[in-house]
Every structure is written in structure tokens, then in C-alpha cells.
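In the numbering used here, the protein residues as written are 1153 to 1410. Each remark here refers to the structure printed beneath this line.
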Amino acid sequence: MNLFFEGSTRTRISFELAERRLSADVVSFTTATSSVTKGETLKDTARNIEAMKIDMVVIRHAAPGAAHFLSRVVAANVINAGDGAHEHPTQGLLDMYTLKQKYGSLEGLRVCIVGDILHSRVARSNIYGLTTMGAEVSVCGPATLIPRDIEKLGVKVYHRLEDVIPKVDALNVLRIQLERQKSGLFPSLREYHRFFGVTKEKVARAPKPITIMHPGPINRDVELSADLADSEHSVILEQVTNGVAIRMAVLYLLGTAN
Ligand code: CP
1153 MNLFFEGSTR
1163 TRISFELAER
1173 RLSADVVSFT
1183 TATSSVTKGE
1193 TLKDTARNIE
1203 AMKIDMVVIR
1213 HAAPGAAHFL
1223 SRVVAANVIN
1233 AGDGAHEHPT
1243 QGLLDMYTLK
1253 QKYGSLEGLR
1263 VCIVGDILHS
1273 RVARSNIYGL
1283 TTMGAEVSVC
1293 GPATLIPRDI
1303 EKLGVKVYHR
1313 LEDVIPKVDA
1323 LNVLRIQLER
1333 QKSGLFPSLR
1343 EYHRFFGVTK
1353 EKVARAPKPI
1363 TIMHPGPINR
1373 DVELSADLAD
1383 SEHSVILEQV
1393 TNGVAIRMAV
1403 LYLLGTAN
């Protein structure tokens, strides 16, 4: 069962493809067409789904901890497909796999995550995964979008792209969450693009080509210039392709672990 309480293109479709390729019977649920619109809670929704003898639930929810909560109230295996600003584990895995495919190993690889680290579940899952695998991880963004004490997770912090670009193999560029723009965390999209937008001109100053990643969806010419997103240095669509294989692996391993 794919239980998506938030919008998704890549994660929802790739989970569904992965499930079908493994011959699962798949049911997909979106909030708009469910009884959640009548006020049904997550717990009641889950218990009713379980009563239909579902073996695995893939959940995306705006609340951090939603997947963990669900795993405590249903017997089915639960896979986190993104919970608020907390974690997006399969995105972290597919990002790491994409880098491993390109470089052969993650040990010592220098990766910088750029942008809105504060609200990013992708950043957290990448930091945990990459540091575990021995990569050198840094983050770069305006001070208002970098969580306090993030260094405790084993990352270096930069506030100027110019300082970090010469020192990395890959940049994982995060989406600027336009819905948070009104909260005044940066003055304007134009100013953000000028200082933190990753462009061909900025990465051309690096001593060697930098791999460009983005979890999607991209705000073209805000956090990442359109020409760089579509350039030979971009692995953005490889990330999407790898998402299907990674999700197949996660489903298979969970399914055979019982
Ligand atoms: N990367 C990612 O989670 O994209 P979607 O929101 O489209 O699933």
C-alpha cells in the first residue's frame, strides 16, 4: 500500500514501479480521494488498511515521525518515503548509489549539500548515509537555513559557494521551498540565486568537473541554473532511474527479512 499524504512524483511512481516489478499487488492511496478529507486519523486509516491484510506500507507524510508512529500501530512493514523535515531514507540511498556508480566508492568522496538544510529531509538522510560510508560531507547555505549545531553530525559548514566549490567532487543542490519564502529566511529569490544559486559560471572555477545532483523537483534558475541542470555534469535523471532499483532492493530485503 502506498500511502501518500503529500504530493510526490518521483518517489510515489518509483515505489509503484518497484513493487510491480517485484510482482506485488499494489494499492495506492492519496489524501484527496480518501476519508482523510472527512477527518479520519492516520491511526484509524492505517488500522483499516491493516484489516485488509496489507503486508507493507510505504508512507509519505508532512509530520516528522509519521512513519515511526505507523510502525508502532500496525504489524505491516513500514517504509518511510519522507516524513516532514525529518528523513527521506530511500532518497539518501539512491543518491549514494548514484555517486558510487560514478566514482566506485564513497570513501573520501567530497560532497556538499547546498541550500535549505533546515527544512530538508533529503539533507539529513544524505548526511547520515554519506558520513557512515566515509564520505567528507559539507553543507552550504545562508545562516538562516543551516540548523544550529549541525557540525555535530560530522559536517563542515560553509556560507559562501565560492569557498566550497574548489573543494568538492559533487554538489547536491536542494530545492528552495517556495512555500516557506514568506517566512523571511532570505530576502528574495533573486538574492538567493545570486549568492547560492549553482550556475555554470560558478562551477567552472573548480579545478575539475563537479557532479551536479538534485532530488527534484527543480526550481530552474533559482537554486540551480537550467543549463547546468541539463548539462553533461548533471546526474539528476540517473538519480531518478536509480530510485527504482533502490526501492526494489528495500522492498525485497524487507519482504525476505520476515
Ligand atoms: N525527490 C523526491 O522526493 O521527489 P518527489 O517529491 O517528487 O517524490
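Every residue, glycine too, gets a C-beta built ideally from N, C-alpha and C. Predicted model only: the values in this text are computed from it and were never measured.
Below-8 Å beta-carbon distance, residue i vs any chain C residue
i: Q1329; result: Note that chain C does not occur in the displayed structure, where there is just one protein chain.
Beta-carbon spacing of residue i, residue j below 8 Å
i: R1399; j: N1371; result: no
i: R1273; j: H1238; result: yes
i: C1292; j: H1271; result: no
i: I1317; j: V1374; result: no
i: M1124; j: L1246; result: Nothing can be reported for residue 1124, as the shown portion of the chain is limited to 1153 through 1410.
i: F1157; j: H1213; result: yes
i: V1289; j: V1350; result: no
i: T1498; j: L1341; result: The question about residue 1498 has no answer here: the residues shown for the chain are numbered 1153 through 1410.
i: D1315; j: K1352; result: no
i: I1211; j: N1229; result: no
i: G1395; j: S1166; result: yes
i: A1170; j: L1389; result: no
i: Q1243; j: S1277; result: yes
Reduced DSSP category for residue i - H, G, I as helix; E, B as strand; rest coil
i: H1213; result: strand
i: T1161; result: coil
i: G1407; result: helix
i: R1173; result: helix
i: D1196; result: helix
i: S1186; result: coil
i: S1180; result: strand
i: I1442; result: The question about residue 1442 has no answer here: the residues shown for the chain are numbered 1153 through 1410.
i: I1269; result: coil
i: E1303; result: helix
Length of the line joining the Cα atoms of residue i and residue j
i: G1412; j: L1323; result: Given a span of 1153 to 1410 for the chain in the structure shown, any question on residue 1412 remains unanswerable.
i: H1366; j: L1174; result: 27 Å
i: A1275; j: L1376; result: 16 Å
i: I1302; j: M1204; result: 42 Å
i: M1208; j: L1406; result: 9 Å
i: L1194; j: N1154; result: 13 Å
i: Q1329; j: D1268; result: 8 Å
i: G1236; j: E1168; result: 21 Å
i: K1360; j: T1393; result: 26 Å
i: R1300; j: K1308; result: 12 Å
i: E1384; j: A1401; result: 28 Å
i: A1409; j: R1162; result: 26 Å
i: N1200; j: K1304; result: 41 Å
Considering only heavy atoms of ligand 1 and the C-beta of each residue, which residues fall inside 7 Å, strictly closer?
G1159, S1160, T1161, R1162, T1163, R1164, G1234, H1240, Q1243, V1274, P1367, G1368, P1369
Note down, one range per segment and in chain order, each alpha helix (DSSP H) of at least 4 residues found wholly within the stretch 1307–1341.
1313–1316
Mind listing, in chain order, the continuous beta strand (DSSP E) runs of no fewer than 3 residues lying wholly within the stretch 1349–1399?
Listed in chain order, the complete beta strand (DSSP E) runs (minimum 3 residues) inside the stretch 1349–1399 are 1363–1365.
Output the residue ranges of the alpha helix (DSSP H) runs that lie fully inside the stretch 1205–1252 and measure 4 residues or longer, sorted by chain position.
1218–1225
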